[in-house]
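**Q** Residues in the sequence shown are numbered consecutively from 375, following this note's numbering. Don't be surprised by glycine CBs; every beta carbon is placed ideally from N, CA and C. Got a structure here, written out as C-alpha cells. Questions coming.
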Amino acid sequence: MKPSLPSLAGGWTLREEGSGPISGILPVVMRRMIWGAAVLALVACGSEAENTTIGSTSTTTTATGTGGGGEGQGGGSTSSTGQGGAGGAGKAQGCIDMVDDALAFLDALETDEYDAATADYGGDRHTSFEFLPPLSAARDGASIKELDTEERGLLAGFLQSAFSQGGYARLEQIRALESVLAMQESGMPSTPNRDPDNYFIQIFGTPVVDGDLPWGFRFEGHHLSVQAAVIDCRLFTATPAFWGASPEITPLSAEATAGESLWTALDAGQQATAQASVNTAASDQKTEKLDPFAAAGLRYAEMTSTQKALLMQIIDGYIDNMNAPIAADRHAALEAAGRDDISFAYDSGDFRVLGPTFVIEFVYAGNNHIHSVWRDYDGDYGDDLIARHMADFH
C-alpha cells in the first residue's frame with residue numbers, strides 16, 4: 375500500500391522555461407568510430423539549459439525548493455553557492471531540492487508504480503548494480519516506459535536535482551545511444567533490448583531533509599547505474615557509479631581524452647612505472663563490498679604539476695557528475711585521505727586511478743565500446759553513512 379509521504383521540505387515548484395537539446399557534447403578522441411550526422415543529432419547540443427528529455431516530451435524543467443531555514447553553508451562547488459535553506463544550517467539547497475523532487479515524483483505515482491519504485495534502505499536488492507542490456511539482466515524499480523507524461527517530467531526534475539547539469543546531460547546521452555544501437559542492429563529506433571526508455575528508478579527509504587536514517591536511489595539501465603545515498607542532508611555517497619557508452623561517441627570522451635593526455639605527458643621512465651594491466655574487477659563485483667586493491671602505477675607525488683592536473687581532471691570528471699553537495703562531500707573525502715598516494719595505471723587506452731579510498735576503472739570493452747566505474751571502499755551502497763553520522767553529529 376502506498377503510504378502517506380512526508381510534506382515537502384520547502385514549497386516545491388516545477389517551472390517550464392522552453393525546450394532545447396542536451397548540452398555538454400565534447401569532441402571525440404582518436405580510435406573512435408565516426409558516425410554520421412544523424413547519429414550525432416541524437417546527442418547533439420545547442421542549449422545551455424538543462425533539458426528534460428525523459429519520455430516523449432522535451433521541456434526544460436527547473437526544480438526549486440523554498441522555505442525558511444538556517445543560513446548555514448551547505449556542501450558547495452563552483453556550480454553552487456551551497457547556501458543553507460529549509461531544514462537548517464549546514465544543509466545545502468541542492469540536497470533540499472533533491473528531497474523535494476523525490477517526494478513530488480513518488481507522490482504522483484499510482485500504487486503499483488510506487489511499489490515498484492520504492493524499497494527498503496539496506497534491503498536485499500539495495501546492495502547490487504547492473505549495467506547489462508535489459509534482456510540480459512532483469513531490473514528492479516519503475517521503468518521510464520511505464521510512466522505517464524507527468525510522472526516522466528517529475529522523474530526528470532528529480533534526476534536534474536540529483537545530478538549536475540553535465541552529469542544529467544551525460545545520462546541522457548547514454549540513453550540516446552540505445553536508439554543508435556537499435557538502428558545499427560535492426561534498422562528500428564528501438565527494440566526490446568535497445569530502448570532509451572528501458573531505464574529504471576528505485577528509491578530506498580524515505581526522502582527527508584532532517585533525520586537519523588539514510589535514504590537513497592538507484593537509476594540504471596544499459597551502460598548506466600548510479601546509486602546515491604543521503605543522511606540528514608549533511609552526509610552523502612554516490613557509489614557504485616557505472617558509466618558506459620556504445621557506440622563510443624560523446625558521453626565519456628572527456629575521461630578518455632584526459633587519460634590519453636596524461637599517458638602521453640609522462641616521460642619514458644614514468645610510463646614504465648605506470649604501465650600495468652587494467653582489468654574490470656571493480657565493475658564485475660556488483661554485489662560485494664570491494665577490498666582495497668593493491669597499489670600499482672605511477673603515484674601522484676611522482677608527477678609534475680601538469681601531470682597532476684590531468685590526473686585530477688579524470689577524478690573530477692566522475693565526482694562532478696553529481697549535484698553540488700554530493701560532489702563537495704566526495705571532494706572533501708578525497709582531500710582528507712590525501713592525494714600523494716593516488717596512482718595512475720595505464721594499458722593501451724585502459725586505465726585505473728587508485729586512491730586510498732576509491733578506485734576508477736576505464737576500459738575498452740571493444741573498439742568503440744567503453745565501460746567505466748567509480749567505487750568507494752567504505753561508502754559503497756551508503757554502508758558507512760550511519761556510522762559517519764553518529765560520529766559527526768551525535
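Pick out whichever of T485, E735, T565, G712 has its Cα sitting closest to the Cα of F718.
**A** F718 has its Cα closest to that of E735, out of T485, E735, T565, G712.
**Q** By how many angstroms is the C-alpha of I700 removed from the C-alpha of V747?
**A** Going by the C-alpha atoms only, they are around 17 Å apart.
**Q** CB-CB under 7 Å to Q681, same chain, minus the five flanking residues each way: which ones, in chain order?
**A** Taken in chain order, the residues that qualify are L636, A639, L640.
**Q** Inspect the beta-carbon positions of E487 and L509 and report whether they are closer than 9 Å.
**A** No, they are not a contact pair.
**Q** Would you call the CB atoms of Y542 and L528 closer than 9 Å?
**A** The answer is no: Cβ separation not under 9 Å.
**Q** Put Y720 into one of helix, strand or coil per three-state DSSP.
**A** Strand.
**Q** In angstroms with no decimal places, state the Cα-to-Cα distance between R526 and F732.
**A** Straight-line Cα distance between these residues: approximately 33 Å.
**Q** Report, in whole angstroms, the separation of the C-beta atoms of R592 and G515, which I expect to be a contact under 8 Å.
**A** 7 Å between Cβ atoms; contact.
**Q** If you run the structure through DSSP and keep just helix, strand and coil, what is V733?
**A** Three-state result, V733: strand.
**Q** Looking at D715 and R673, is the spacing between their C-beta atoms short of 9 Å?
**A** Contact flag set, yes.
**Q** Count the CB pairs spanning the segment 468–476 and the segment 487–503 that are closer than 8 Å, and state whether there are at least three.
**A** Verdict: no, contact absent.
**Q** For D724, count the other beta carbons within 10 Å of its own beta carbon; 16 or more makes it buried, fewer makes it exposed. Which is it?
**A** So D724 counts as buried.
**Q** Between the Cα of A706 and the Cα atoms of Q467, G579, E676, L609, which residue gives the shortest distance?
**A** Measuring from the Cα of A706, the nearest candidate turns out to be L609.
**Q** Within the continuous beta strand (DSSP E) that includes E594, where are the two ends?
**A** Per DSSP, E594 belongs to the beta strand (DSSP E) from 589–595.
**Q** Anyone know if the C-beta pair for A656 and R713 falls short of 9 Å?
**A** The answer is no: Cβ separation not under 9 Å.
**Q** Using the Cβ count rule (16 or more neighbours within 10 Å means buried), how would you classify N741?
**A** The residue in question, N741, is exposed, as its Cβ has fewer than 16 Cβ neighbours within 10 Å.
**Q** Specify the secondary structure class of L609 as computed by DSSP and reduced to three states.
**A** In this structure, L609 counts as strand in the three-state DSSP scheme.
**Q** Pull up the distance between the alpha-carbon of D481 and that of T523, whole angstroms please.
**A** Cα-Cα distance, rounded: 15 Å.
**Q** P666 and Y751 look like a contact to me (Cβ under 8 Å); what is the Cβ gap, rounded to whole Å?
**A** 6 Å between Cβ atoms; contact.
**Q** How about V554 and P621: are their beta carbons less than 9 Å apart?
**A** The answer is yes: Cβ separation under 9 Å.
**Q** With H743 as the anchor, note down where its beta strand (DSSP E) starts and where it stops.
**A** 743–750 is the span of the beta strand (DSSP E), which, as asked, contains H743.
**Q** Return the first residue and the last residue of the alpha helix (DSSP H) that A615 is part of.
**A** A615 -> not in any alpha helix (DSSP H); beta strand (DSSP E) instead, spanning 615–619.
**Q** Can you tell me whether DSSP reads S517 as helix, strand or coil?
**A** If DSSP states are grouped into helix, strand and coil, S517 belongs with the strands.
**Q** Let me confirm a value: A710 is counted as buried when at least 16 other C-beta atoms fall within 10 Å, else exposed. Which label applies?
**A** So A710 counts as exposed.
**Q** Measuring alpha carbon to alpha carbon, tell me which residue in A511, L506, A765 is nearest A739.
**A** With distances taken between Cα atoms, A739 lies closest to L506.
**Q** Hey, P614 and R749 are a contact pair by Cβ (cut 8 Å); roughly how many whole angstroms apart?
**A** The Cβ separation is near 5 Å, so the contact holds.
**Q** Would D584 pass as a contact of C607 if the rule is Cβ separation under 9 Å?
**A** Yes; because the gap between Cβ atoms is below 9 Å, this pair is in contact.
**Q** Between the Cα of P563 and those of S627, L551, S517, spot the shortest distance and give me the residue it belongs to.
**A** It is L551 whose Cα lies nearest to the Cα of P563.
**Q** Taking T501 as the reference, give the member of F578, D489, S560 with the closest Cα.
**A** Considering only alpha carbons, the answer is F578.
**Q** Where does S599 fall in DSSP's three states?
**A** Of the three classes helix, strand and coil, the one that applies to S599 here is strand, per DSSP.
**Q** For V727, does the three-state DSSP call read helix, strand or coil?
**A** If DSSP states are grouped into helix, strand and coil, V727 belongs with the strands.
**Q** Starting from M696, follow its DSSP beta bridges and name the residues at the other end.
**A** DSSP, once it has assigned bridges, lists F537 as partnering M696.
**Q** Does the beta-carbon distance from I744 to L626 come in below 9 Å?
**A** Yes. Within cutoff.
**Q** From G618 to P377, what distance separates their C-alpha atoms?
**A** If I take the Cα positions, the gap works out to 36 Å.
**Q** Count the other CB atoms within 10 Å of the CB of G561; is the residue buried (16 or more) or exposed (fewer)?
**A** When all chains shown are included, G561 counts as exposed.
**Q** So, for L400: in the same chain, excluding its five sequence neighbours on each side, which residues have a beta-carbon less than 8 Å away from its beta-carbon?
**A** In this prediction, L400 has a pLDDT of 31, which is less than 50 and means its spatial position is unreliable; what the coordinates show is noted afterwards. Here the set comprises T624, S627, A628, T631.
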